[in-house]
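The number in our numbering is simply the position in the sequence shown, starting from 1, with 190 added.
Just so it is clear, CB atoms sit at the ideal spot from N, CA and C, and this is done for glycine as well.
First up is the structure itself, then whatever we jot down about it.
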Amino acid sequence: MGEKTHYDVIVIGGGVVGTAVLRTLSRYQLKAALLEKHAEVGWGATKANSGIVHAGFHNKPGSWMAKLCVAGNQMYDQLCDELDVPFLRNGLMMVARTQEEEEILQQFYQQGLANGVPGMEILDGDAARRLEPNLAEEITLVLRASTGGIVAPFELAAAMAENAAANGADVYTEVEVAGISHGDDGFTITSKDGGTWKATYIVNSAGLFSDDLARMCGLDVPSLIPRKGEEYILDQRVGNLVRHTIFPVPTPKSKGILVIPTAEGNLMIGPTALEMPYKDELSTTAEGLDEILSFTQRLVPKISRRDIIASFAGIRSGSPTGDFIFETSHEGKAVHLLGIESPGLTAAPAIAEHAAEMLAEGGLSLIEKPDFNPRRPKVIRFKQLSDEEKEEVIKENPLYAHVVCRCETITEGEIVDAVRRGARTVDGVKFRTRAGMGRCQGGFCTPYVVKILARELGVSPLEITKRGKGSELLTAEAKSFLKGGETNA
Ligand SMILES: Cc1cc2nc3c(=O)[nH]c(=O)nc-3n(C[C@H](O)[C@H](O)[C@H](O)COP(=O)(O)OP(=O)(O)OC[C@H]3O[C@@H](n4cnc5c(N)ncnc54)[C@H](O)[C@@H]3O)c2cc1C
């Protein structure tokens, strides 16, 4: 139910953009909150994307996308260091196979120079294959950008929310904003279940639904274009096929279908780009998979259907102008962030700075907090520790000796830590720790994750959900198993 606090700023929508805005605001002497409709932050486009920190050569010079992509890219080292989020500058390669593609590739190189992208070079096919031996023989020219990177996007959003909360911000989940009105006492925000929140300023960062929210504020904005992207994850066994993220030359609608190393050591292939009539259709399809395989095998022929272990789809909030759209209403007291499609993940930290500037232009006072702590307590990733470090950690907390997810070697200690940092669901644990992301896709560890979640949250296992209300995992019959003291995970 609604809180009675009158907030200085309420951020609506807890994707990577909203959580970045909240963390930025938590640097200042003001009271900020975030309202998110899902059970946890980061479950919109933020959870289901390619995780690439783009270099910035894809976007038109002078556009918001170009400016904020390049600026956001440069903020990533410090951001991920402060928040202990997996991030690697693995570099990007755009590859050409024909003379026509070579000409387009050269145009992107020039565009990158105009956008101020550092660290770009043009390589012939053989030079590129010396760096990436598994690239197709037919590739003749490559644009390489050393500043390109990969990040764990869900972890980033969760970490920004966690750090903002540690600095005094409030995060409310399972709050779906259904109405916004404005009067003498500022904004009244009403949720679908009848709660109310009050704020002097609001930021609309509701992703694909930000057009609906802008209209609630009286703005006449064009509809966003839902554009689905399917992605397929390959087994860690083939995680080293390429080190760089490999792009074809793009199409007018998307950056094309890519081969993407992930921050966690898998390889991913995708995404497709299909305009949809709905905002919530997240199926993956045989046609999507065939399209992705045929494209990516032209880039890296060793990619094989049999190495696919999982698939997902995300929906981009396609911008009708082809650029990020920033609007204000209520004399600058409401800031609307619309059309944050790719490179929205890359640009998010810079979008947050821009949103704070827009709020300041609307009159919000931004006075730095002397005690702002940008650092999040370090996460223990057991598998990555040396044998000596593992022994130390287990001595301190024996729960780290108990491996729950065998595919990914995730321990009970890590799962308990994830719950203490905010995980409330099986997916929340999965995306924070990787428990359930391996070859068996949670077939083995899910019951144990449910049990640990129930114990840590002090609720019945029957209440534990996969991803929020309506996705309860157990029926009453399963209760006896969970009560029976089975702990041999
Ligand atoms: C397949 C795919 C691949 C991509 N790859 C990349 C990439 O490699 N690099 C890159 O830079 N970008 C990439 N993008 C784009 C990137 O994912 C998005 O730009 C970014 O995640 C947008 O973040 P967001 O916070 O605006 O949106 P979201 O993550 O969608 O967050 C919006 C939030 O608002 C909440 N919300 C909506 N309505 C309400 C309401 N009424 N009340 C309360 N909460 C509400 C939603 O639940 C959601 O959590 C990709 C996108 C897709 C789909």
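C-alpha distance - residue i paired with residue j, whole-angstrom precision
{"i": "E579", "j": "E602", "result": "17 Å"}
{"i": "E646", "j": "G315", "result": "54 Å"}
{"i": "G169", "j": "L663", "result": "Any property of residue 169 remains undetermined from this structure, which presents the chain solely from 191 to 679."}
{"i": "N430", "j": "A326", "result": "15 Å"}
{"i": "Y590", "j": "V583", "result": "7 Å"}
{"i": "G648", "j": "T655", "result": "14 Å"}
{"i": "A500", "j": "T518", "result": "40 Å"}
{"i": "I505", "j": "S532", "result": "11 Å"}
{"i": "K620", "j": "M627", "result": "7 Å"}
{"i": "E558", "j": "S444", "result": "39 Å"}
{"i": "H526", "j": "Y362", "result": "20 Å"}
{"i": "R657", "j": "G553", "result": "38 Å"}
{"i": "R405", "j": "R279", "result": "39 Å"}
{"i": "S576", "j": "A351", "result": "30 Å"}
{"i": "L220", "j": "A476", "result": "50 Å"}
{"i": "I570", "j": "A349", "result": "14 Å"}
{"i": "M191", "j": "H228", "result": "Residue confidence is low: M191 scores 46 on pLDDT, short of 50, so the model does not pin down where it sits. Its coordinate-derived value is still stated next. Straight-line Cα distance between these residues: approximately 15 Å."}
{"i": "M516", "j": "W387", "result": "As written in the sequence, residue 516 is Phe, which differs from the Met given in the question. Distance between the alpha carbons of F516 and W387 is about 24 Å."}
{"i": "M283", "j": "W254", "result": "23 Å"}
{"i": "P588", "j": "E226", "result": "35 Å"}
{"i": "P560", "j": "S216", "result": "11 Å"}
{"i": "V606", "j": "F572", "result": "13 Å"}
{"i": "Q289", "j": "T330", "result": "9 Å"}
{"i": "H592", "j": "S240", "result": "31 Å"}
{"i": "A643", "j": "P651", "result": "Inspection of the sequence shows that residue 643 is occupied by Leu rather than by Ala. Computed Cα separation, rounded: 8 Å."}
{"i": "H196", "j": "D374", "result": "13 Å"}
{"i": "V616", "j": "V260", "result": "35 Å"}
{"i": "V211", "j": "D267", "result": "18 Å"}
{"i": "G478", "j": "A342", "result": "24 Å"}
beta-carbon residue i near ligand 1 non-hydrogen atom, thresh 7 Å
{"i": "R506", "result": "yes"}
{"i": "A235", "result": "yes"}
{"i": "N563", "result": "no"}
{"i": "F399", "result": "yes"}
{"i": "G246", "result": "no"}
{"i": "S395", "result": "yes"}
{"i": "P440", "result": "no"}
{"i": "N263", "result": "no"}
{"i": "E421", "result": "yes"}
{"i": "S240", "result": "yes"}
{"i": "V569", "result": "no"}
{"i": "P491", "result": "no"}
{"i": "I447", "result": "no"}
{"i": "K580", "result": "no"}
{"i": "P539", "result": "no"}
{"i": "L464", "result": "no"}
{"i": "R510", "result": "It should be pointed out that residue 510 corresponds to Pro in this sequence rather than to Arg. It does not: the Cβ of P510 is nowhere closer than 7 Å to a heavy atom of ligand 1."}
{"i": "V432", "result": "no"}
Residue i, enclosing alpha helix (DSSP H) - first and last residue
{"i": "N394", "result": "Here N394 belongs to no alpha helix (DSSP H); instead the beta strand (DSSP E) covers 386-394."}
{"i": "K641", "result": "636-647"}
{"i": "C259", "result": "254-273"}
{"i": "H434", "result": "Neither: H434 is in no alpha helix (DSSP H) and is coded neither H nor E."}
{"i": "S501", "result": "Segment 498-508 is the beta strand (DSSP E) holding S501; no alpha helix (DSSP H) there."}
{"i": "P343", "result": "343-356"}
{"i": "S484", "result": "476-489"}
Any C-beta of chain D under 8 Å from that of residue i
{"i": "A503", "result": "In the structure shown, chain D does not exist; there is a single protein chain."}
Classification of residue i by the beta-carbon crowding that lies within 10 angstroms, buried from 16 upward
{"i": "D480", "result": "exposed"}
{"i": "G205", "result": "buried"}
{"i": "E420", "result": "buried"}
{"i": "G203", "result": "buried"}
{"i": "V365", "result": "buried"}
{"i": "P467", "result": "exposed"}
{"i": "Q426", "result": "buried"}
{"i": "N563", "result": "exposed"}
{"i": "E465", "result": "exposed"}
{"i": "P412", "result": "exposed"}
{"i": "E471", "result": "exposed"}
{"i": "L448", "result": "buried"}
{"i": "G660", "result": "exposed"}
{"i": "G460", "result": "buried"}
{"i": "P451", "result": "buried"}
{"i": "A304", "result": "exposed"}
Opening and closing residue of the beta strand (DSSP E) in which residue i lies
{"i": "L424", "result": "415-424"}
{"i": "A326", "result": "Looking at the DSSP string, A326 is not in any beta strand (DSSP E), and its letter there is neither H nor E."}
{"i": "R657", "result": "From DSSP, R657 is part of no beta strand (DSSP E); its letter is neither H nor E."}
{"i": "L527", "result": "524-528"}
{"i": "L556", "result": "Careful: L556 lies outside any beta strand (DSSP E) and carries neither H nor E."}
{"i": "M458", "result": "457-460"}
Near ligand 2: residue i beta-carbon under 7 Å from a heavy atom
{"i": "H544", "result": "The model depicted lacks ligand 2 and carries ligand 1 instead."}
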